[in-house]
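Shown next, in structure tokens, is the structure this report addresses.
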Amino acid sequence: MEQLNKIEIRGIIGSVYVKNIGNAKAANFSVATDYCFKAQDGCAVIETTWHRVVAWEGNLIKNLDKLQKGCGVHVLGRIRTQKYITAAGVERAGYEIIASKVEIM
374 MEQLNKIEIR GIIGSVYVKN IGNAKAANFS VATDYCFKAQ DGCAVIETTW HRVVAWEGNL
434 IKNLDKLQKG CGVHVLGRIR TQKYITAAGV ERAGYEIIAS KVEIM
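So the sequence shown is numbered by my numbering: it starts at 374 and just counts up by one.
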């Protein structure tokens with residue numbers, strides 16, 4: 374059986390942090406996506422989900438400095454799980470998208 378770890382999202386950029394690591398640049402940013410559905414009473418409900426994205430500048434991702442809060446973005450990548458322990462000693466897991474392609478819309 375072939376395995377697949379692929380995600381594609383299109384949304385609005387929230388916070389952006391670009392840093393230099395040696396000769397490369399890496400960006401950590403958040404992307405908000407909305408899901409709209411009707412509740413049992415017939416009212417429209419919009420559910421917003423925030424995604425953490427990590428992108429490295431290279432052949433597929435150029436001009437990370439152009440990522441700005443409020444811009445539309447299309448991200449292709451894979452999901453990675455990060456496990457960590459809180460200050461209270463509780464083990465938690467967080468999820469982030471490792472981008473392979475980022476397009477500013």
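We treat Cβ as the ideally placed atom computed from N, Cα and C, and that holds for glycine.
- By the C-beta criterion, the region 453-469 is judged to be in contact with the region 421-433, since at least 3 inter-stretch pairs fall below 8 Å.
- In this structure, the beta-carbon distance from Cys444 to Ile419 does not fall below 9 Å.
- Its chain contains Glu464, Arg465 as the residues whose beta carbon lies nearer than 8 Å to that of Ile458, once the 5 sequence neighbours on both sides are disregarded; these appear in chain order.
- Per DSSP, reduced to three states, the secondary structure at Lys474 is strand.
- In this structure, DSSP gives Asp407 an extended state, which the three-state scheme calls strand.
- In the DSSP secondary-structure assignment, Ala466 is bridged to Lys456.
- Ala472 and Gln376 have their alpha carbons spaced roughly 18 Å apart.
- For Glu430, there is no enclosing beta strand (DSSP E), as DSSP marks it with neither H nor E.
- Annotation: the continuous beta strand (DSSP E) that includes Asn393 extends over 380-394.
- For Gly450 and Lys411, the gap between their C-alpha atoms comes out near 30 Å.
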